[in-house]
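For reference, the structure is listed below as structure tokens.
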Amino acid sequence: MSSIELTASQKTILTALVNLHSETDEAVKGEEIASEVNRNPGTIRNQMQSLKALQLVEGVPGPKGGYKPTSTAFNALDVQTLDEAAKVPLVHNEEPVENANVEQISLSSVHHPDLCRAEIHIQGSLSDFHNGDLVRVGPTPLSDLVIEGELDSTDTTNNILILKIQAMEATADKSNH
Numbered sequence: 001m002s003s004i005e006l007t008a009s010q011k012t013i014l015t016a017l018v019n020l021h022s023e024t025d026e027a028v029k030g031e032e033i034a035s036e037v038n039r040n041p042g043t044i045r046n047q048m049q050s051l052k053a054l055q056l057v058e059g060v061p062g063p064k065g066g067y068k069p070t071s072t073a074f075n076a077l078d079v080q081t082l083d084e085a086a087k088v089p090l091v092h093n094e095e096p097v098e099n100a101n102v103e104q105i106s107l108s109s110v111h112h113p114d115l116c117r118a119e120i121h122i123q124g125s126l127s128d129f130h131n132g133d134l135v136r137v138g139p140t141p142l143s144d145l146v147i148e149g150e151l152d153s154t155d156t157t158n159n160i161l162i163l164k165i166q167a168m169e170a171t172a173d174k175s176n177h
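Residues in the sequence shown are numbered consecutively from 1, following UniProt numbering.
In structure tokens, the structure reads:
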């Protein structure tokens, strides 16, 4: 199966659609997507035409209409859709984030003596996150890994929070590994 090459704008809009759709499981209006990605609704309509042509989006007519991502959209964004995905808690400025789940955690610059960063891949909206915010991720299901840090930047195209790690711990002994 060949991979679909998306522009940064298409990827950002499609990611927002997938995130908003996963919250309600209903069609998402173009205005909601525009608000999420800070773009004009006309821009969203134009991009949706190209995403429909790529079979990544389907239009839903009527008053409760809007857009829904196709299964191809999830594949194009490399989003896993598990029936019973483990919930990995995400806490933002001491408040639990309900409509988000951590998909992946990547550590970078671990060799640096003073600075270690974590890339937190999120399924959910990043619009409320700002540089300097405090973020805690975990515990993860298998190793009980918990990472705390300060938000250094966000990658809205790939739905990633980049943290300056302040604390990280995991359970040392778990007998079911």
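For every residue, glycine included, the Cβ atom is placed at its ideal position computed from N, Cα and C.
What you are looking at is a predicted structure, and each value in this text was computed from that prediction instead of being measured.
Is the beta carbon of A34 sitting closer than 9 Å to the one on I44?
Contact: yes.
Tell whether a beta-carbon distance below 9 Å holds between K11 and Y67.
Their beta carbons are not under 9 Å apart, which means K11 does not touch Y67 by this criterion.
If you check the beta carbons only, do N19 and N159 fall under 9 Å apart?
Yes; because the gap between Cβ atoms is below 9 Å, this pair is in contact.
Alpha carbon to alpha carbon, how far is G124 from T24?
For G124 and T24, the distance between alpha carbons rounds to 12 Å.
Name the two residues that bound the continuous beta strand (DSSP E) containing P63.
Unbroken run through P63: none, as it is neither H nor E.
In the DSSP assignment, what are the bridge partners of H92?
Answer is E95 and V135, bridged to H92.
Excluding sequence positions up to five away, which residues of its chain have a Cβ less than 7 Å from the Cβ of S2?
Note on S2: pLDDT 46, under 50, position unreliable in the model; no value is reported.
Look up P41 in the DSSP assignment and say whether it is helix, strand or coil.
P41: helix per DSSP, three-state reduction.
What residues in its chain sit with their C-beta under 8 Å from that of I162, if we drop five residues either side in the sequence?
Contacts found: R117, A118, E119, I120, L151, D152, S153, T154 and D155.
So, using beta-carbon positions, are M168 and L145 closer together than 9 Å?
Contact: yes.
Quick check: what's the CA-CA separation for R39 versus T171?
Roughly 43 Å separates the two Cα atoms.
Would you tell me roughly how many angstroms separate the C-alpha atoms of E36 and L126, rounded to the nearest one?
Using only the alpha carbons, I get a separation of about 9 Å.
Please name the residue, chosen from P61, P89 and N93, that lies closest to N99 on a Cα-to-Cα basis.
Comparing Cα positions, the closest option is P89.
Under 9 Å between the Cβ atoms of Q47 and S9?
Cβ distance < 9 Å, so Q47 and S9 count as in contact.
Counting only the same chain and skipping the five closest in sequence on each side, list residues whose C-beta sits under 6 Å from that of E148.
Cβ neighbours of E148 beyond the five flanking positions: R136, Q166 and A167.
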